[in-house]
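**Q**
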Amino acid sequence: MNKTLPSLIATAWLATLAGAAQAATATAIFAGGCFWCVEKDFEKLPGVIEAESGYTAGKTTNPTYEQVSNGHTGHTEAVRVIYDSTKVSYAELVEYFWRHIDPTVKNRQFCDIGSQYRSGIYWQNEEERKVVEASHGALLKSGRFKEIHTELAPASTFYLAEDYHQDYYKKNPVRYNYYRLSCGRDARVKQLWE
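Taking mature numbering (1 follows the signal peptide of the UniProt record, and there is no 0), I'd label the letters of the sequence shown as residues -23 to -1, 1 to 171.
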């Protein structure tokens, strides 16, 4: 089959665009209590392509929701944020994250209690570690909080949560909105950050 010159140019142009888009894609891992809520919060941020719910910072291989929710695997509910680094930086993601959690509590977030709901920022390289530690230091120095209990640690294996947890806020808006309101997440965030 003979391809015309315009067809070849269009194919090369699309391949170049795809390569450029792929080169700008990066990931970041955060835990802020209920992963449904953290997923929704990040998916509102310009430059974020997608947030995936999952589990990290634990000791069990391929944990299930039931295992993690009982608090014995060491995991925390987390999200893997896939973002376009030409539109939003890792530092901006970290600053955005702080303002959507309660860093003043240990082993809980809002109405969810237990180590599986602890907040955390999990860096994937030395550059990210420096950003996280600088941001944490600046927040402490600001005097806004006496203590910050958010876990800061190197990333470990991130396990995707079951399909029914992915985009839960879109698939089950009534249940999700009731949960979020009754948990007091937005009210507490407003109290802490405004």
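From the three backbone atoms N, C-alpha and C, an ideal C-beta is built for every residue, glycine too.
1) Give, in chain order, every unbroken run of the alpha helix (DSSP H) that is at least 4 residues long and sits entirely within the stretch 20 to 76.
2) Could you say which of A68, S92, L22 lies nearest to E110 if we only look at CA atoms?
3) When you compare each of T53, Q101, P150 to R95 by their alpha carbons, which one comes out closest?
4) Which residue marks the beginning of the beta strand (DSSP E) containing A8, and which one marks its end?
5) By a C-beta neighbour count over all protein chains shown, 10 Å radius and 16 as the cutoff for buried, is G114 buried or exposed?
6) Measure the CB-CB distance between T2 and S62 and report whether it falls below 9 Å.
7) Please check the pair E29 and Q143, which I expect to be a contact at CB under 8 Å, by giving their CB distance rounded to whole angstroms.
8) Specify the secondary structure class of G97 as computed by DSSP and reduced to three states.
9) Taking only three categories from DSSP, how would you classify P150?
10) If you draw a straight line from the alpha carbon of I59 to that of P23, how long is it in whole angstroms?
11) Is K167 helix, strand or coil by DSSP?
12) Look at the alpha carbon of L129 and the alpha carbon of K83, and state the distance between them as a whole number of angstroms.
13) Between the beta-carbon of P80 and the beta-carbon of I125, is there less than 9 Å?
14) In this structure, does DSSP put A111 in helix, strand or coil?
15) What do you get for R57, buried or exposed, if any count of 16 or more other CB atoms within 10 angstroms of its CB means buried?
16) Would DSSP call R162 helix, strand or coil?
**A** Taking the coordinates as given:
1) Uninterrupted alpha helix (DSSP H) stretches at least 4 residues long and entirely within the stretch 20 to 76 occur at 42 to 46, 67 to 75, given in chain order.
2) Closest by alpha carbon: A68.
3) T53
4) A8: member of the beta strand (DSSP E) spanning 2 to 9, first to last residue.
5) G114 should be labelled exposed.
6) Taking 9 Å as the cut-off, the Cβ atoms of T2 and S62 count as close.
7) 7 Å
8) strand
9) helix
10) One C-alpha to the other measures close to 12 Å.
11) helix
12) 13 Å
13) yes
14) helix
15) buried
16) helix
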